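Below is one structure, written out as structure tokens; comments come after it.
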Amino acid sequence: MCIFAVSKKGSLVFSIVRSTLNNRFAQAWRDAAVSAIAAGIAWVLAIWLFGHPHPVFAAVTAIVCLSPGLPSHGKQAVGLMLGVATGIVIGEAAFFLLPEGLLVPDGLSLLRLTVATFFSILIAAAFGQAAVVAIQAGCSAVLVLALGPHSAGLVRLEDVVVGVTVGLFFSQVLLTPNPVRQIDVAATDLFRGLSRSFEDCVEALKHQNTHKAISALNRFSAAHASLIALSAGIDSARYEARWSLRGRLAKRSVVEMAARYDRAAIRLYASSLLFGEAFSDVMRKNVESAPEGLADCLVDVASRCACLAGEKSSVASHTPASEVLNAPPEWEPAVDHLRDASRILEGLEVLHLRSTRNAATKTQVHI
1264 MCIFAVSKKG SLVFSIVRST LNNRFAQAWR DAAVSAIAAG IAWVLAIWLF GHPHPVFAAV
1324 TAIVCLSPGL PSHGKQAVGL MLGVATGIVI GEAAFFLLPE GLLVPDGLSL LRLTVATFFS
1384 ILIAAAFGQA AVVAIQAGCS AVLVLALGPH SAGLVRLEDV VVGVTVGLFF SQVLLTPNPV
1444 RQIDVAATDL FRGLSRSFED CVEALKHQNT HKAISALNRF SAAHASLIAL SAGIDSARYE
1504 ARWSLRGRLA KRSVVEMAAR YDRAAIRLYA SSLLFGEAFS DVMRKNVESA PEGLADCLVD
1564 VASRCACLAG EKSSVASHTP ASEVLNAPPE WEPAVDHLRD ASRILEGLEV LHLRSTRNAA
1624 TKTQVHI
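Residue numbers for the sequence shown follow my numbering, so the first one is 1264 and each next one is one higher.
Written as structure tokens, this is what we have:
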């Protein structure tokens, strides 16, 4: 029996790991392929334009601009260029102010490198941009002072310009992501995660299973990653709507979707997480005193989240959280948070229905 349980648990873990890896491969393969192709193109262009025998920085820059997992490839490219330029300028200034002939002790050369790196990172951080700006500024200053301006100064800047240009061409012109889909995919993941969490709560209540309630709380907590992805997707979509051709064409839809999910998603997640904490806590203390109507309300909320995720058709009738009757004092916090989540869902459903009708109207007009 014990061996069977261990085998079953191992099979479940393997299934989860395999599913996770498959999802990550599916999300990353496109950007990985684009990065590899762009690196090759940047290498060839740097040789052809500037005659550099080994334009490593051109290929590396293209990869840094287009690698998987970036919320905005355009921002990454611009930030990288800004950081490299800042570091090279500070490094060149350090060479000009303290020439090699003046630095007789070796310790002074190290001091110059340290001071130049400090000011490069400090000035780059003052721009208020992404972390890549400060990182590249510090690295560029170190390379200029370690390898010399002739090897890591203008030569590296030329390579970086080529890499950034190729990266921007791929990310902003050739393969611009759909900003509306960016938000939609992230929102779908969040609603799907919340739906699964509420379903676990239903199972915990049905079977009076404390471990299932704790599992539901863990699912609620894990949905935070989807919330972060949604926030990053909204920021990226707004950036694309402003700076890319495809984004400008979809700017109105981006504004509508961003307004729909920007704050409501945070409030929904917060209410759901607070419910999960209160639910698991009361299940550990008093599992048999669940108020009347709570299970039906949980099923309803889970179905509505699944509906917003596109996994189910619209729910015909709701079971309002206000119909939870005779809630004992220990259950009141959980019921209150569930009511908050239900109210937020109502607002999201209204906006979703309005958006669907507008899309249908546009389709009819085009036809």
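Here a beta-carbon is modelled for each residue, glycine too, at the ideal position from N, C-alpha and C.
For clarity, every value in this text was computed on a predicted model and none was experimentally measured.
Roughly how many whole angstroms lie between the Cα atoms of residue i and residue j?
{"i": "Arg-1459", "j": "Glu-1555", "result": "22 Å"}
{"i": "Asn-1472", "j": "Ala-1299", "result": "50 Å"}
{"i": "Ala-1397", "j": "Lys-1514", "result": "31 Å"}
{"i": "Ala-1467", "j": "Gly-1610", "result": "28 Å"}
{"i": "Phe-1433", "j": "Tyr-1532", "result": "35 Å"}
{"i": "Gln-1435", "j": "Arg-1547", "result": "52 Å"}
{"i": "Ile-1351", "j": "Pro-1596", "result": "58 Å"}
{"i": "Ser-1566", "j": "Lys-1469", "result": "17 Å"}
{"i": "Glu-1503", "j": "Val-1425", "result": "22 Å"}
{"i": "Ile-1384", "j": "Ala-1357", "result": "14 Å"}
{"i": "Ile-1326", "j": "Leu-1333", "result": "11 Å"}
{"i": "His-1487", "j": "Tyr-1524", "result": "14 Å"}
{"i": "Thr-1439", "j": "Ala-1296", "result": "15 Å"}
{"i": "Ala-1400", "j": "Asn-1441", "result": "31 Å"}
{"i": "Leu-1406", "j": "Ile-1304", "result": "24 Å"}
{"i": "Asp-1447", "j": "Asn-1285", "result": "21 Å"}
{"i": "Pro-1316", "j": "Leu-1417", "result": "15 Å"}
{"i": "Arg-1511", "j": "Val-1518", "result": "11 Å"}
{"i": "Phe-1313", "j": "Val-1429", "result": "15 Å"}
{"i": "Gly-1346", "j": "Phe-1277", "result": "42 Å"}
{"i": "Ala-1590", "j": "Val-1598", "result": "8 Å"}
{"i": "Cys-1568", "j": "Arg-1293", "result": "29 Å"}
{"i": "Leu-1360", "j": "Gln-1392", "result": "28 Å"}
{"i": "Arg-1287", "j": "Ser-1335", "result": "18 Å"}
{"i": "Cys-1570", "j": "Arg-1526", "result": "20 Å"}
Ignore the nearest five residues each way along the sequence and tell me which others in residue i's own chain have a CB closer than 8 Å to its CB.
{"i": "Glu-1574", "result": "Arg-1455 and Ser-1458"}
{"i": "Gly-1337", "result": "Leu-1431, Ser-1434, Gln-1435, Tyr-1502, Glu-1503, Trp-1506 and Ser-1507"}
{"i": "Val-1395", "result": "Val-1327, Gln-1339, Gly-1342, Leu-1343 and Gly-1346"}
{"i": "Gly-1521", "result": "The displayed chain sequence assigns Ala, not Gly, to residue 1521. Within the same chain, Ala-1521 has close Cβ partners Ile-1446, Ile-1497, Ala-1500 and Arg-1501."}
Whose C-beta lies closer than 7 Å to the C-beta of residue i among residues of the same chain, with five residues either side of it excluded?
{"i": "Asp-1603", "result": "Ser-1534"}
{"i": "Val-1280", "result": "none"}
{"i": "Gln-1445", "result": "Gly-1496, Ser-1499 and Ala-1500"}
{"i": "Trp-1306", "result": "Pro-1318, Ala-1321 and Ala-1322"}
{"i": "Pro-1412", "result": "Glu-1355 and Phe-1358"}
{"i": "Val-1427", "result": "Thr-1324, Cys-1328, Ala-1340, Leu-1343 and Met-1344"}
{"i": "Arg-1530", "result": "Ile-1607"}
{"i": "Ala-1379", "result": "Ile-1353, Gly-1354, Ala-1357, Ala-1404 and Leu-1408"}
{"i": "Glu-1462", "result": "Ala-1565"}
{"i": "Arg-1482", "result": "Gly-1456, Arg-1459, Ser-1460 and Asp-1463"}
{"i": "Ala-1572", "result": "Thr-1451, Phe-1454, Arg-1455 and Ser-1458"}
Is the distance from the Cβ of residue i to the Cβ of residue j below 8 Å?
{"i": "Ser-1552", "j": "Ala-1479", "result": "no"}
{"i": "Val-1613", "j": "Ser-1516", "result": "no"}
{"i": "Asp-1260", "j": "Ala-1301", "result": "Because residue 1260 is not part of the residues shown, which for the chain are 1264 to 1630, the question remains open."}
{"i": "Ala-1541", "j": "Val-1465", "result": "no"}
{"i": "Ser-1484", "j": "Leu-1536", "result": "yes"}
{"i": "Ala-1528", "j": "Leu-1493", "result": "yes"}
{"i": "Ile-1353", "j": "Phe-1382", "result": "yes"}
{"i": "Leu-1374", "j": "Leu-1408", "result": "no"}
{"i": "Leu-1490", "j": "Leu-1453", "result": "yes"}
{"i": "Trp-1594", "j": "Val-1564", "result": "no"}
{"i": "Phe-1538", "j": "His-1600", "result": "yes"}
{"i": "Thr-1349", "j": "Ala-1387", "result": "yes"}
{"i": "Gly-1291", "j": "Pro-1331", "result": "At residue 1291 the sequence reads Ala, which differs from the Gly that was named. Yes."}
Tell me which same chain residues have a C-beta within less than 6 Å of the C-beta of residue i, skipping the five on either side of it?
{"i": "Ser-1282", "result": "none"}
{"i": "Leu-1616", "result": "none"}
{"i": "Ala-1450", "result": "Leu-1493 and Tyr-1524"}
May I ask which residues mark the beginning and end of the alpha helix (DSSP H) holding residue i?
{"i": "Glu-1462", "result": "1442–1470"}
{"i": "Leu-1537", "result": "1527–1548"}
{"i": "Glu-1421", "result": "1417–1431"}
{"i": "Val-1436", "result": "No alpha helix (DSSP H) holds Val-1436; DSSP gives it neither H nor E."}
{"i": "Glu-1519", "result": "1514–1524"}
{"i": "Gln-1392", "result": "Note, Gln-1392: premise wrong, no alpha helix (DSSP H); not H, not E."}
{"i": "Ser-1478", "result": "1473–1485"}
{"i": "Ser-1566", "result": "1557–1571"}
{"i": "His-1336", "result": "1336–1360"}
{"i": "Ala-1215", "result": "Absent from the structure is residue 1215, since the part of the chain shown begins at 1264 and ends at 1630."}
Would the beta-carbon of residue i be found less than 7 Å away from any heavy atom of the ligand ADP?
{"i": "Ala-1572", "result": "Ligands in the displayed structure: none, and consequently the ligand ADP is not present."}
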